[in-house]
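Protein chains in written order, with this note's numbering: chain G, -6 to 372; chain E, 28 to 424.
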Amino acid sequence: MDFEHTEERKLLAEMVRRYIADNYDLNGRHTAAALPEGFSRERWQAFAELGLIGALFPESAGGYGGAGADIAVLFEELGRGLVVEPFLAALLAGTVLAETRSDCPQLAGLIAEETILALAHEEADSRYDLARVTTEAKHNPDGSGWVISGAKSVVLAGDSADWLIVSARISGEVTQEAGIGLFLIPANADGLSIRGYPTVDGMHAAEIALEAVTVDADALLAGEGSGYAMLERAIGAGLLALSAEALGAMDVSADLTVEYFKTRSQFGKTIGSFQALQHRLADVLIEISQTRSSLINAASRFGSDDRQEREWALSAVKVCAGRNGQMVAEEVIQMHGGIGMTWDYAVGHYAKRLVMIDHMLGDADHHLLRVANLSKGGE
Amino acid sequence: MDLNYSEEENAFRAEVRAFMETSVPSDLAAKVRGGKRLSKADHESWHAILSRQGWLAPAWPVEYGGTDWDPVQRYIFEEEYVRAGAPRIVPFAVTMLAPVLIKFGTEEQKQRYLPRILDGSDWWCQGYSEPGSGSDLASLRTRAVRDGDEYIVTGQKTWTTLGHHANMIFCLVRTKQDGKPQEGISFLLIDMATPGIEVRPIITIDGEHEVNEVFFDDVRVPVANRVGEENKGWTYAKYLLGHERTGIAGIAFATQALSNLKSVARRQMKGGRPLIEDPLFASRIAMTEIELDALRTTSMRAIVAARDGNSPGIEASMLKVKGTLIRQEISNLARKALGPMAMPYVTEALDPGSNVEAVGPEGANAVSSQYFNLRKMSIYGGSNEIQRNLIAKSLGL
Ligand SMILES: Cc1cc2nc3c(=O)[nH]c(=O)nc-3n(C[C@H](O)[C@H](O)[C@H](O)COP(=O)(O)OP(=O)(O)OC[C@H]3O[C@@H](n4cnc5c(N)ncnc54)[C@H](O)[C@@H]3O)c2cc1C
């Protein structure tokens, strides 16, 4: 067994860490988050030039990575830097394109940072349930393609995207896996309305309404038989990415706390000398270590063709990231005292990101049940 | 043993409820329930309504404008106003400063300040904490140097809640440099319009302006504004911290928040069914309900002991720790209940007059920011670690 990353991946991680350390302090993040799109195009371009978007996809799709470890290494650094640029949206939508239409200009544009892509899947009442799709796709009566109607919720980067990948039900009951199609739709299509907004952790998302949006036949990326499986692959990449991001954010939160323990004094001693606090920080470190190991498990099973093994590990790491992320968030604020509650200090922003990661692509409760079902062979 | 309220207490509750039903303005209740921002005027108008009824400061002696309610009645009163959707009574003047003035102030101070609290002329804030003195409050360094019949105050206070609304601040200041730190502290009442005072906002993680820094640069304060004796301020401060303990657990607020949580869980759907039918989520709510039910009785035990003249001991620390944990857990579940819809945060929509619409179901917009905001509860009022230290210390280990 070997738990070292390859030289290439170590270099990638170092490069990202250095770039972020030099160019991405908390104020820079706030400035980027306050821009109308919720991120900085300039930074997005710089990230692309460093090759970071290409690292998310395999060579067959024009990238140079795409393995579980590539995604994990990169997103851990993005989590450490609290980066707001739309990497997750790129990964979710790009994964679909990489597997369904690897030579399309949208994917090349994504890797070159010229095109922003978003996956519009979740709906107001779907609550993490992947198969629950009520948005409908019907054959256009004139025979030329599809007419899509419905509404999508909390679409990451949905307000800056040039293209959307929209899940829509072609056939079947509302909760049926079969019958879901994935469609590539330009964000300026007639009948599409997009309302963007910030999220509580300083990111951006959008509510998207589709009113009889017409698209050509070739907009269909994955049809009734394959749409759900494709969705599961994309969301799986997202679970890995979010968990890695959480790990990076947890690490920095703990580091900040250690630092604060050494500098803050009360009662004539550094607060780090109080055993009550030492034990709590020790518990935090134990859970971070558990999350790291769970992430290693998931990253190495990410490429497995055994669906049960792969999905089990992906849901498992999301449980760790969600549950432990909340624990770390709450503990580091508490152990800082009042300063942990302030906007000008970093730890609260890490805490918000950690807690919101649990709300994305399924919370700890959702994935706990999914693990339980997969364990008994039920799913 | 009798867990039930007496007939008189039930009649009292009915009277309070009837008043609240007609007196809490519906737009105010809507703001509180919707998690909207409350303006200074919102607080003031609610205080004025209570004051006209003689109910703004139930715990004060009748001669100063209070009531003759016992602690159980005061608890019932709190439960009823929270239930009616009213905001909490801003505590700094009514429940923190006033008891100190009543016990240790001069007749002149009482005659001057107490009526001004009741009629809303003064808004007080609490100037205890300093950048270097949080849990270790007695180490505070803001200095007051005697100059004739004035003190000259220099230093900094921080975390001053709603200091930007206040025209008056009560402060702990250092009047003696040597000796035990606790024995060199005095308690001053300071008009915030005095030259040399500057208030600067601190923005909290939810993006809101609730707390402040207050700077004092050679601020002249009449010696007549000192409460009690010089260098005895620590005694008064401790009296203040320990005085209003019946409300410390926030039972009434937790009860209301739990009932809101349940209605959210009834409306939110999971797997095509109401979330409240999901065994995992329902059991989390149930656990909190069990804890709250027990803590309500813990709290009543302390309240009844107080009614019978016993001063609360370590129970106050227990109530503070468990009460804040329960309120934090309810806000945690409220956030989880909304799933992905807990993420959107349209701050403009928190302003009652705004025409910007929030995203998601009713109340969703503020649910995560409130969860983060409530992290403060286990930090302030003596952090939960400090409370645990007190509990442990009482064991004489
Ligand atoms: C939102 C908010 C509003 C506030 N409003 C007011 C106000 O209106 N007026 C006012 O005067 N103050 C106010 N405070 C200040 C509050 O009382 C202090 O934050 C609190 O006393 C803790 O002090 P600190 O923040 O300096 O943390 P510190 O004392 O530095 O504590 C840091 C950490 O160390 C822990 N710790 C400290 N000592 C020990 C020990 N001996 N053993 C174990 N652990 C320990 C603490 O529990 C905490 O986890 C407010 C604070 C907040 C966050």
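Yeah, the Cβ is synthetic: ideal placement off N, Cα and C, and Gly gets one too.
For chain G, is any of its Cβ atoms less than 7 Å away from the one on residue i?
i, result
"leucine 189 of chain E", "no"
"alanine 369 of chain E", "yes"
"aspartate 320 of chain E", "no"
"methionine 327 of chain E", "no"
"valine 373 of chain E", "yes"
"serine 344 of chain E", "no"
"arginine 402 of chain E", "yes"
"tryptophan 186 of chain E", "yes"
"isoleucine 24 of chain E", "Residue 24 of chain E cannot be examined here, being either before or after the span of chain E that is shown, 28 to 424."
"serine 6 of chain E", "Nothing about residue 6 of chain E can be reported from this structure: the residues present for chain E run from 28 to 424 only."
"glycine 161 of chain E", "yes"
"glycine 366 of chain E", "yes"
"serine 395 of chain E", "yes"
"methionine 195 of chain E", "no"
"valine 348 of chain E", "no"
"methionine 314 of chain E", "no"
"valine 386 of chain E", "yes"
"methionine 28 of chain E", "no"
Could you say which of the options lies nearest to residue i if we only look at CA atoms?
i, options, result
"alanine 399 of chain G", "G:Gly31, G:Ala215 and G:Leu4", "There is simply no residue 399 of chain G to check, as chain G begins at -6 and stops at 372 in what is shown."
"serine 166 of chain E", "E:Ser213, E:Ala332 and E:Ile129", "E:Ser213"
"threonine 108 of chain G", "G:Gln38, G:Tyr221, G:His329 and G:Asp351", "G:Gln38"
"serine 142 of chain G", "G:Val167, G:Ser266, G:His23 and G:Val206", "G:Val206"
"arginine 316 of chain G", "G:Arg162, G:Gln99, G:His360 and G:Ala65", "G:His360"
"phenylalanine 40 of chain G", "G:Thr(-1), G:Ile289 and G:Ile104", "G:Ile104"
"aspartate 218 of chain E", "E:Leu164, E:Trp151, E:Ile230 and E:Gly206", "E:Trp151"
"leucine 65 of chain E", "E:Tyr407, E:Gly380, E:Ala284 and E:Ala281", "E:Gly380"
"methionine 370 of chain E", "E:Leu346, E:Tyr398, E:Gly350 and E:Ile353", "E:Tyr398"
"valine 373 of chain E", "G:Ala199, G:Leu75, G:Arg22 and G:Ala101", "G:Ala199"
"leucine 5 of chain G", "G:Phe(-4), G:Tyr57, G:Ser137 and G:Ala292", "G:Tyr57"
"histidine 74 of chain E", "E:Arg143, E:Glu42 and E:Ser162", "E:Arg143"
"histidine -2 of chain G", "G:Asp18, G:Ala62 and G:Gly21", "G:Ala62"
"leucine 30 of chain E", "E:Ser344, E:Glu375, E:Ser326 and E:Pro228", "E:Ser326"
"tryptophan 96 of chain E", "E:Tyr140, E:Val43 and E:Ala313", "E:Val43"
Mind checking if residue i is an interface residue toward chain E, Cβ cutoff 7 Å exclusive?
i, result
"isoleucine 403 of chain G", "Here chain G covers residues -6 to 372 and nothing more, so residue 403 of chain G does not appear."
"glycine 341 of chain G", "yes"
"aspartate 298 of chain G", "no"
"aspartate 358 of chain G", "yes"
"glycine 229 of chain G", "no"
"tyrosine 253 of chain G", "no"
"proline 191 of chain G", "yes"
"arginine 73 of chain G", "no"
"valine 147 of chain G", "yes"
"histidine 352 of chain G", "yes"
"alanine 269 of chain G", "yes"
"phenylalanine 50 of chain G", "no"
"phenylalanine 80 of chain G", "no"
"glutamine 38 of chain G", "no"
"phenylalanine -4 of chain G", "no"
Exposed or buried, which one is residue i when buried takes at least 16 other CB atoms within 10 Å?
i, result
"aspartate 194 of chain G", "buried"
"leucine 322 of chain E", "buried"
"glutamate 238 of chain G", "buried"
"leucine 377 of chain E", "buried"
"proline 126 of chain E", "buried"
"alanine 333 of chain E", "buried"
"isoleucine 279 of chain G", "exposed"
- Message: At a CB distance below 9 Å, what residues from the region 298 to 309 of chain E approach chain G? Give them in sequence order.
- Response: Gly298, Gly299, Leu302, Asp305, Leu307 and Phe308
- Residue ranges of each alpha helix (DSSP H) within the region 351 to 398 of chain E, 4 or longer: none
- Using a Cβ-Cβ cut-off of less than 8 Å, give me the residues of the region 323 to 350 of chain G that come near chain E, in sequence order. Glu323, Ile326, Gln327, Gly330, Gly331, Gly333, Met334, Thr335, Trp336, Asp337, Gly341, His342, Ala344, Lys345, Val348 and Met349
- Item | Residues of the region 220 to 244 of chain E whose Cβ lies closer than 7 Å to any Cβ of chain G, in chain order | Ile229, Ile230, Thr231, Ile232 and Gly234
- Task: Enumerate, from N- to C-terminal direction, the unbroken beta strand (DSSP E) stretches of 3 or more residues contained entirely within the region 84 to 161 of chain E.
- Result: 151 to 154
- Task: Using a Cβ-Cβ cut-off of less than 8 Å, list which residues of the region 158 to 186 of chain G approach chain E; keep chain order.
- Result: Val167 and Thr168
- Message: By the 8 Å beta-carbon criterion, what residues does the region 103 to 123 of chain G contribute toward chain E?
- Response: Glu115, Ala117, Asp118, Arg120, Tyr121 and Asp122
- Which residues, in chain order, does the region 195 to 206 of chain G contribute to contact with chain E at a C-beta distance below 7 Å? Ala198 and Glu200
- Item | Sequence ranges, beta strand (DSSP E) only - wholly within the region 84 to 134 of chain G, length at least 3 | 110 to 113 and 129 to 132
- Between the region 122 to 151 of chain E and chain G, which residues of the former have CB atoms less than 8 Å from a CB of the latter, in chain order? none
- Task: Scan the region 412 to 423 of chain E for residues whose Cβ lies nearer than 8 Å to a Cβ of chain G and list them as they occur along the chain.
- Result: Glu412, Arg415 and Asn416
- Item | Complete runs of the beta strand (DSSP E) confined to the region 188 to 260 of chain G [at least 3 residues] | 197 to 209 and 213 to 215
- Message: I'd like the ranges of any beta strand (DSSP E) spanning at least 3 consecutive residues and lying wholly in the region 231 to 255 of chain E.
- Response: 236 to 249
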